[in-house]
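At position 161 of the sequence shown (counting the first as 1) the number is 161 in UniProt numbering, and the numbers step up by one without a gap. Ideal Cβ placement from N, Cα and C applies to all residues, glycine included. Predicted model, so just to flag it, every value in this text is computed and none were measured.
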Amino acid sequence: HSSHLPQPLDVGVFGPLKKVYGSQISFLTRASIKHITKDDFFPAFKAAFELVFTEKNIKSSFQGAGLVPRNPEAVISRLDVRLRTPTPPETPDVLALPWISQTPRTATEALSQSTLIKDRVSKHQGSSPTPILASVDQLAKATVSINHQLTLLTGEIKALREANEALSKLRSAKRTRLQDSGPFTGEKASQLLVKKSIVEEEGRDEGAGGGPSKRHQTGARLCGICRKSGHNARTCPEAEYIDEASNHGILDSIECVFGNISYINTFLF
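This is the structure:
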């Protein structure tokens, strides 16, 4: 039947989109991570969408379906099935070199080593080689199993490391959230900087002294700006100078912008 051939978007766009998206998240599925979060889905889908949904692909899909420009032969020609005689497999010109006894590193080499030992034991004159051959078979079977397990574990470990690195990058990004709604003013910015300096200062005190900070030693709560007791960072007199300086900086920036606009208008008008 030919019902699937005149569907350009399914064949030329959505089919490749599914394939490209699958390749984008294949490292997660190989690591047995079946739950795809929004943080994983949207970047992968966006990359696949931008790669597939192009003007060239869409036009070629309609052209391949014989719709635009109209060309029914584009579909009919693909329905002409011809039986062909299968080509016989080519015989190798050079025979494989005989196996030389050595420590096998892969499953194929382990089988070659086992075959070599069997041949040598069979040619040995004397007692029956049956027990020896059975032991060799067991050894070869164990070696092959170990090599297969090692190959699978190596691939699984690699996939888990890649998935772990990808998830770590998404979770390592620190975000500063504003608790209060409304416009973000210079005063709020200075308060955030003050809070951050308090946390950093406490960390430096504990790291430098090898123990609790000065605040914990004295039992009094110290200001995060002037490092004095009796008040905090919000009521510190020095914080007013910080707020005034930040507000003056914002006003200076606004005046500079309006000055540049006026200067440009003199040339335009």
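Residue burial classification, residue i (beta-carbon count within 10 angstroms, cutoff 16)
i	result
L222	buried
F267	Any reading at F267 must be qualified, since the residue scores a pLDDT of 49, below 50, and its modelled position is unreliable; the value itself is stated next. It counts as exposed.
I190	Going by the sequence as given, residue 190 is Ser instead of Ile. Result: buried.
C236	buried
S3	exposed
G230	exposed
A142	exposed
V68	exposed
P86	exposed
Backbone CA spacing between residue i and residue j [nearest angstrom]
i	j	result
R84	R78	16 angstroms
G22	A140	38 angstroms
V20	D10	14 angstroms
E165	F53	29 angstroms
R105	A134	22 angstroms
S26	Q125	57 angstroms
A47	A233	47 angstroms
S168	L152	24 angstroms
L192	I225	12 angstroms
Q138	I132	10 angstroms
Q102	P129	22 angstroms
S127	L97	31 angstroms
G15	A65	14 angstroms
S112	I100	9 angstroms
L61	K34	Checking the sequence shown, residue 61 turns out to be Ser, not Leu. Approximately 32 angstroms between the Cα atoms of the pair.
Q24	F42	11 angstroms
Chain-order list of residues whose beta-carbon lies under 6 angstroms from that of residue i (same chain, five-residue window excluded)
i	result
residue 305	The requested residue 305 is not part of the displayed model; the chain covers only 1 to 269.
I58	none
L170	D39
Same chain, Cβ closer than 8 angstroms to residue i, five either side skipped, listed in chain order
i	result
F49	L17
Cut-off 7 angstroms between Cβ atoms - residues of its own chain near residue i, not counting five sequence neighbours on either side
i	result
A107	V144, N147 and H148
A163	F27, L28, A31 and I33
Original post:
Is the region 114-124 touching the region 68-76, taking contact as three or more C-beta pairs under 8 angstroms?
Top reply: In this structure the region 114-124 does not lie against the region 68-76, because fewer than three pairs of beta carbons, one per stretch, are closer than 8 angstroms.
Subject >> Meets three-Cβ-pair contact criterion under 8 angstroms: the region 155-164 and the region 26-41 >> reply: Yes: the two stretches touch, three or more of their Cβ pairs being nearer than 8 angstroms.
Original post:
For the region 64-124, which segments carrying the alpha helix (DSSP H) assignment without a break, of at least 4 residues, lie completely within its bounds, in sequence order?
Top reply: Counting only runs of 4 or more residues that sit fully inside the region 64-124, the alpha helix (DSSP H) segments are 73-76 and 107-122, in chain order.
Original post:
Can you give, in chain order, each stretch of the alpha helix (DSSP H) that sits fully within the region 9-74 and has at least 4 residues?
Top reply: Every alpha helix (DSSP H) stretch that sits fully inside the region 9-74 and reaches 4 residues is listed by chain position as 15-24, 26-30, 38-52 and 55-64.
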